[in-house]
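First up is the structure itself, then whatever we jot down about it.
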Amino acid sequence: QQPVQSPQAVILREGEDAVINCSSSKALYSVHWYRQKHGEAPIFLMILLKGGEQKGHDKISASFNEKKQQSSLYLTASQLSYSGTYFCGTEKSGATNKLIFGTGTLLAVQP
Amino acid sequence: NAGVTQTPKFRVLKTGQSMTLLCAQDMNHEYMYWYRQDPGMGLRLIHYSVGEGTTAKGEVPDGYNVSRLKKQNFLLGLESAAPSQTSVYFCASSYSFYTSGKNNEQFFGPGTRLTVL
């Protein structure tokens, strides 16, 4: 039931791009994305509510394909501050606000 | 606003001891959650609450109990701690989109690192 994230880890140079994928075996109502730096709490990035929806936040954007039950997070022109672990949280029903988180993708951006 | 606060920040217990973790939020959120985070496992939901006086089980509820007597507080109890409960515990809170119309992003507390010997 836990969504599967890929890759598990990725190392980038500053300015490079990355894609993180999140796949679920269940139909989804929404997908949340969070970033967590080492020793800190997760911080919200964005929510995608509709199939095919795409959102952007600075140089970080995401898409949600409801039919394929998957979401992708796009990081373009990566910065050192993008380093951390990225988690997707999937919501099966809008009635519960209950998220099931993936196991995370560790992103390391090097100078 | 303090946001979501958790006490204590660190705790060491012996097997069989009990303790309560306190979570407080000052954002008037309807929903509150307790997660545990273990290496390679991500965040796993223990229990959650959709409002004052209500609680529900999450993915990994065994060995834990919760109470939400006041809207701003959510307590997580361990009655008889076991080494398998060594983890980092995060509390979170959110609005309900359906009752408030607001974005239901989750706001996390700073975490409690618990070690059970």
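Top line first, the protein sequences correspond to chains A and B.
Each residue of the first sequence is one higher than the one before, counting from 5 in my numbering.
Each residue of the second sequence is one higher than the one before, counting from 12 in my numbering.
Using N, Cα and C, we set each Cβ at its ideal position, and we do this for glycine too.
- Under the three-state reduction of DSSP output, S87/A falls in the coil class, being neither helix nor strand.
- Here G43/A is actually not in contact with A81/A; their C-beta atoms are around 26 Å apart, not less than 8 Å.
- Contact between S28/A and T94/A is confirmed by a C-beta separation of about 5 Å, below the 8 Å threshold.
- When C-beta distances to chain A are compared with 9 Å, the residues of the stretch 53-81 of chain B below that value are G53, L54, R55, L56, Y59, V61, A67, G69 and E70, in chain order.
- Using a Cβ-Cβ cut-off of 9 Å, T100/A counts as an interface residue toward chain B, since at least one Cβ of chain B sits closer than that to its own.
- If you draw a straight line from the Cα of D37/B to the Cα of S98/B, it is about 25 Å long.
- Less than 9 Å divides the Cβ of V61/B from the Cβ of N101/A.
- Of all alpha-carbon atoms in C34/B, Y75/B and E116/B, the one lying nearest the alpha-carbon of Q28/B is that of Y75/B.
- Within the same chain, H58 come within 7 Å of K68/B by CB-CB distance, once the 5 residues on both sides are set aside.
- A Cβ-Cβ distance of about 5 Å is found for the pair L128/B and K25/B, placing them in contact under the 8 Å criterion.
- Using beta-carbon distances, Q117/B counts as an interface residue toward chain A, with a partner under 9 Å.
- In its chain, beyond the 5 residues on either side, S10 and S76 have a beta carbon closer than 6 Å to the beta carbon of N25/A.
- Q36/B sits in a strand when the DSSP states are folded into three classes.
- For F101/B, the neighbours in chain A by C-beta distance under 8 Å run, in chain order, A45 and P46.
- Interface annotation, G93/A: in contact with chain B, CB-CB separation under 9 Å.
- When beta bridges are read from the DSSP output, D49/B appears opposite G53/B.
- Linking S111/B to Y100/B through their CA atoms gives a straight-line distance of about 27 Å.
- In the three-state reduction of the DSSP assignment, T94/A falls in the strand class, which pools E and B.
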